[in-house]
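In what follows, a structure is listed as structure tokens, so that the remarks can point back to it.
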Amino acid sequence: MSPPLVSIVDVRKKFGDFQALDGVSLDVQAGEVLCIIGASGSGKTTLLRCVNQLVTIDSGAIWVDGALTGWRIEGTRLHALPEKEIARQRLATGMVFQRFNLFPHMTALENIIEGPVQVQGRNRAEAVREAEALLARVGLADKAGAYPANLSGGQQQRVAIARALAMKPRLMLFDEPTSALDPELVGEVLAVMKELAASGMTMIVVTHELGFAREVADRVVFMDRGAIVESGPAAEVLGNPREARLKAFLSAVIA
Amino acid sequence: MAQGRPPSTLPDIAHYTHVPNRHWGRWAAVAVIVLLLAGLARAFAVGDIEWRFVGSFFTAPAIMAGLYNTLWMTFGAMALGIALGVVTAVMRMSPNPVLQGVAMGYTWLFRGTPVILQLLLWFNLALIFPRLGFGEFSVRTVDVMTPALAALLGLGINQGAYTSEVIRAGMLSVDAGQYEAAKAIGMTRLRALRRIIFPQAMKVVIPPLGNEFIGMVKLTSLASVIQFAEILHAAQNIYYANSRVIELLIVAALWYLIIVSVLTPLQMLLERRFARGTGGTR
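Just so you know, the protein sequences line up as chains L and C, in that order.
For the first sequence, my numbering gives the first residue as 118, with consecutive numbering after it.
For the second sequence, my numbering gives the first residue as 2, with consecutive numbering after it.
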């Protein structure tokens, strides 16, 4: 078997006195769709944000696409990488936020080409062509010139997915991508994510959408108090939970 | 009831004319104010003001030169102030405690002393440092520190301390998620500031900055105390010679009013430019 695309090894993170991550280890294979579930405060969002270094870990190691993220190995010491290098490493991952975080002063198209043109220095005309194709892929071909304020939540989140894809990442991170949406808009975003999963993209999805997890995830991880409590194929974890905490969580979510 | 017909017991008044309130108080207030204004106008008209001097000195060459100096000093000092303000605000928001400290110290020092005192200090810099520069490449401070340069440095550096807080407020107004989204597409902090944060902060920054700009137009008059030949200084020079004090002060006042009246619509144009994506000016 080829090495995993993402390898998280014994990662710990404290915010003040709060132990957000308490020794998490996890591998994600290329092409795999992994869903992380758990109550709020369980550390699932923090773990996701550690993968693309929006949160700096206290100890442990995270490898993405063969590279140790955030640190340079020198003898038996790890030295923090400079900001520029961290920014470059982030190009391997795309991130979709709960609150979309589109740039409000740019149109949908400008949001999508911002990274490719400004950060990757790619040809603008080519970036525009690709952005138009991405907008069509997420079903928003007619919204290229619209500002985020004039788009619905579901449309904004689909633009945000297109913006992340425009960087041609190896890995896509989703942080509760449908939690801020009105119920009737959840489906359109999940549909885009299903299509993306089917195309072979490696995805780590923090979600409360158990239906999506059951249908799309290759593997589901349940976290509680900063640690992974249970992990396995979606049908098993969601259909036949072993841990008491997972059983309690599932019955609370479904009820 | 769904038919919209009132029950037959109520009087049928739907076709009557509606008469709005008569605001007698308003009309009385207008009458009083008009009388007072007329009295004020008459007082100035018959008062000891030779209005023809106001007219003849309005475009006198010395006043025109003063106008020119006031204008370029306003824009120059504001440009310096904004440049310093942006740098200071970015330093203040940086994770580096040394930069934060320098930024806070600068703001403290220049907000904590009167501008007129700062102007006098700059103008008299030669008393502290008789020469500026190193060895061969040094010059006498009195040759360099002209009234214009002292005014530019004094007003601009003082303005930077205030502007930095305006810029910082603008940066703080931008949602933290915007920094994260910028980082997530591989931007460094400085690129995120330039491409994502500042354009959004502008919307918040422009109204108070317009205020500061208008304040600067009038603040330049302080430079008259260090012999900078702006409008007020020019007006004073003339009235020292011909004793038409009030007439020349009125000339200066009119020019300040004209400058400020021209600047105000410019601010509205800028606001419209930076309101992109918010669905119009709010």
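Each residue gets a CB set at the ideal place from its N, CA and C atoms; glycine is no exception.
Predicted, not measured: the structure shown is a model, and the values here were computed from it.
Problem - Close Cβ partners of G232(L) (< 8 Å) along its chain, the five nearest in sequence each way excluded - result: The residue you call residue 232(L) lines up with position 115 of the first sequence. Contacts found: R280, A283 and M284.
Problem - Environment of A334(L) [buried if 16+ CB atoms lie within 10 Å] - result: If you number the first sequence from 1, residue 334(L) lands on position 217. Per the 10 Å Cβ criterion, buried.
Problem - Distance between I186(C) and D175(L) (C-alpha atoms, nearest Å) - result: Here residue 175(L) refers to the residue found at position 58 of the first sequence. Here residue 186(C) refers to the residue found at position 185 of the second sequence. Taking the straight line joining both Cα atoms gives about 24 Å.
Problem - Residues bridged to E191(L) (per DSSP) - result: Stepping through the first sequence from its first residue, residue 191(L) is reached at position 74. Paired residue(s): R194(L).
Handout entry: Other residues of its chain near A147(L): CB distance less than 8 Å, five sequence neighbours each side excluded
Key = Along the first sequence, one-based indexing puts residue 147(L) at 30. Correct list, in chain order: S119, P121, L122, R287 and T319.
Problem - Positions along the segment 160-178 of chain C whose CB lies within less than 8 Å of some CB in chain L - result: D176 and G178
Exercise for the section: Whole angstroms is fine: what's the gap from A137(L)'s alpha carbon to K184(C)'s? Expected result: Position 20 of the first sequence holds residue 137(L). Position 183 of the second sequence holds residue 184(C). Straight-line Cα distance between these residues: approximately 22 Å.
Practice task
Report yes or no: do three or more beta-carbon pairs, one from the segment 66-83 of chain C and one from the segment 228-238 of chain C, lie closer than 8 Å?
Solution key: yes
Handout entry: Neighbourhood of R283(C) by C-beta distance below 6 Å, restricted to the same chain and skipping five residues each side
Key = Counting from 1 along the second sequence, the entry for residue 283(C) is found at position 282. Residue confidence for R283(C) is low, a pLDDT of 37 falling below 50, so the modelled location carries little weight and cannot support an answer.
Practice task
Could you check the C-alpha separation between R166(L) and S262(C) for me, to the nearest Å?
Solution key: Residue 166(L) sits at position 49 when you count from the first residue of the first sequence. Residue 262(C) sits at position 261 when you count from the first residue of the second sequence. In a straight line, the C-alpha of R166(L) is about 51 Å away from that of S262(C).
Problem - Identified DSSP bridge partners for S176(L) - result: Within the first sequence, numbered from 1, the residue matching residue 176(L) stands at position 59. Answer is R129(L).
Handout entry: Anticipated Cβ contact below 8 Å, E272(C) with I207(C), distance rounded
Key = As a position in the second sequence, residue 272(C) is number 271, starting the count at 1. As a position in the second sequence, residue 207(C) is number 206, starting the count at 1. 5 Å between Cβ atoms; contact.
Handout entry: 8 Å Cβ shell around I371(L) - same chain, five flanking residues per side excluded
Key = Within the first sequence, the letter at position 254 stands for residue 371(L). Correct list, in chain order: L327.
Practice task
Using a Cβ-Cβ cut-off of 7 Å, state whether F291(L) counts as contacting chain C.
Solution key: Residue numbering aside, residue 291(L) sits at position 174 when the first sequence is read from its first letter. No, its Cβ sits nowhere closer than 7 Å to a Cβ of chain C.
Exercise for the section: Would you check if the distance between the CB atom of R362(L) and the CB atom of V346(L) is smaller than 7 Å? Expected result: Locating residue 362(L) in the first sequence gives position 245, where the first residue counts as 1. Locating residue 346(L) in the first sequence gives position 229, where the first residue counts as 1. Against a cut-off of 7 Å, the Cβ pair of V346(L) and R362(L) comes out as a contact.
Problem - Start-to-end residues for the beta strand (DSSP E) that takes in V338(L) - result: Taking the first sequence and counting its residues from 1, the one referred to as residue 338(L) is at position 221. V338(L) -> beta strand (DSSP E) spans R336 to D341.
Handout entry: Residue-level contact to chain C via CB, R207(L), 7 Å cutoff
Key = Sequence index remark: in the first sequence, residue 207(L) carries index 90 (1-based). Yes, its Cβ sits closer than 7 Å to a Cβ of chain C.
Practice task
Assess, as a yes-or-no matter, whether the segment 249-259 of chain C is touched by the segment 51-64 of chain C under the definition of 3 or more beta carbon pairs within less than 8 Å.
Solution key: yes
Problem - Which residues DSSP lists as bridging M289(L), in chain order - result: Walking along the first sequence from the start, residue 289(L) turns up at place 172. Its beta-bridge partners are G211(L) and M320(L).
Problem - Residues of its chain near G134(C), where Cβ-Cβ distance is below 7 Å and the 5 sequence neighbours each way are ignored - result: Mapped onto the second sequence, residue 134(C) falls at position 133. Closer than 7 Å at the Cβ level, and outside the excluded window around G134(C), lie V140.
Practice task
Put G134(C) into one of helix, strand or coil per three-state DSSP.
Solution key: For the purposes of this step, residue 134(C) is taken as residue 133 along the second sequence, with counting starting at 1. Of the three classes helix, strand and coil, the one that applies to G134(C) here is coil, per DSSP.
Handout entry: Opening and closing residue of the beta strand (DSSP E) in which A137(L) lies
Key = Working through the first sequence from its first residue, we reach residue 137(L) at position 20. Where A137(L) is concerned, the enclosing beta strand (DSSP E) stretches over F135 to V145.
Exercise for the section: Give the secondary structure of S348(L) by DSSP, where H, G and I count as helix, E and B as strand, and everything else as coil. Expected result: Counting from one through the first sequence, the residue named residue 348(L) turns up at place 231. Of the three classes helix, strand and coil, the one that applies to S348(L) here is strand, per DSSP.
Problem - Whole-angstrom distance between A152(C) and P209(C), CA atom to CA atom - result: As a first step, residue 209(C) must be located in the second sequence, where it is residue number 208. As a first step, residue 152(C) must be located in the second sequence, where it is residue number 151. Between P209(C) and A152(C), the C-alpha separation is close to 23 Å.
Handout entry: Alpha-carbon to alpha-carbon, E305(L) and T324(L)
Key = For the purposes of this step, residue 324(L) is taken as the residue at position 207 of the first sequence. For the purposes of this step, residue 305(L) is taken as the residue at position 188 of the first sequence. If I take the Cα positions, the gap works out to 15 Å.
Problem - Where V309(L) falls, given that 16 or more other Cβ within 10 Å makes a residue buried - result: One-based indexing of the first sequence puts residue 309(L) at position 192. V309(L) should be labelled buried.
Handout entry: Minimum Cβ-Cβ distance from E231(C) to chain L less than 7 Å
Key = Here the question's residue 231(C) lines up with position 230 in the second sequence. For E231(C), the answer is no, since every Cβ of chain L falls outside 7 Å of its Cβ.
Practice task
Leaving aside the five residues before and after Y17(C) along the sequence, list all residues of the same chain whose C-beta is less than 6 Å from its C-beta, in chain order.
Solution key: In the second sequence, counting from the first residue as 1, residue 17(C) sits at position 16. Excluding sequence neighbours, Y17(C) sits near nothing in its chain.
Handout entry: Three-state secondary structure assigned by DSSP to A61(C)
Key = Taking the first residue of the second sequence as 1, we reach residue 61(C) at position 60. If DSSP states are grouped into helix, strand and coil, A61(C) belongs with coil.
Practice task
Output the distance between the C-alpha atoms of A258(L) and Q272(L), rounded to the nearest integer angstrom.
Solution key: What you label residue 258(L) is simply residue 141 of the first sequence in a count that begins at 1. What you label residue 272(L) is simply residue 155 of the first sequence in a count that begins at 1. One C-alpha to the other measures close to 11 Å.
Exercise for the section: Return the first residue and the last residue of the alpha helix (DSSP H) that V226(C) is part of. Expected result: Walking along the second sequence from the start, residue 226(C) turns up at place 225. Counting along the chain, V226(C) falls outside any alpha helix (DSSP H), and DSSP gives it neither H nor E.
Practice task
Please look up how many angstroms separate the CB atoms of A224(C) and P148(C), rounded, as I've assumed it's under 8 Å.
Solution key: Mapped onto the second sequence, residue 224(C) falls at position 223. Mapped onto the second sequence, residue 148(C) falls at position 147. About 7 Å separates the two Cβ atoms, so the contact holds.
Handout entry: Proximity to N159(C) [Cα-Cα], best of E181(C), L85(C), V175(C) and D176(C)
Key = Numbered from its first residue, the second sequence carries residue 159(C) at position 158. Minimum Cα distance to N159(C) is reached at L85(C).
Practice task
Would you tell me roughly how many angstroms separate the C-alpha atoms of V33(C) and H24(C), rounded to the nearest one?
Solution key: As a first step, residue 33(C) is located in the second sequence; it is residue number 32 there, counting from the start. As a first step, residue 24(C) is located in the second sequence; it is residue number 23 there, counting from the start. If you take the alpha carbons of V33(C) and H24(C), they lie about 15 Å apart.
Problem - Residues of its chain near P350(L), where Cβ-Cβ distance is below 8 Å and the 5 sequence neighbours each way are ignored - result: As a position in the first sequence, residue 350(L) is number 233, starting the count at 1. Only D335, R336 and V337 meet the Cβ criterion.
Exercise for the section: Round the Cβ separation of L252(L) and A261(L) to the nearest angstrom and send it over; I've been treating them as touching at under 8 Å. Expected result: For the purposes of this step, residue 252(L) is identified with residue 135 of the first sequence, where counting begins at 1. For the purposes of this step, residue 261(L) is identified with residue 144 of the first sequence, where counting begins at 1. Yes, they are in contact, since the Cβ atoms of L252(L) and A261(L) sit about 6 Å apart, within 8 Å.
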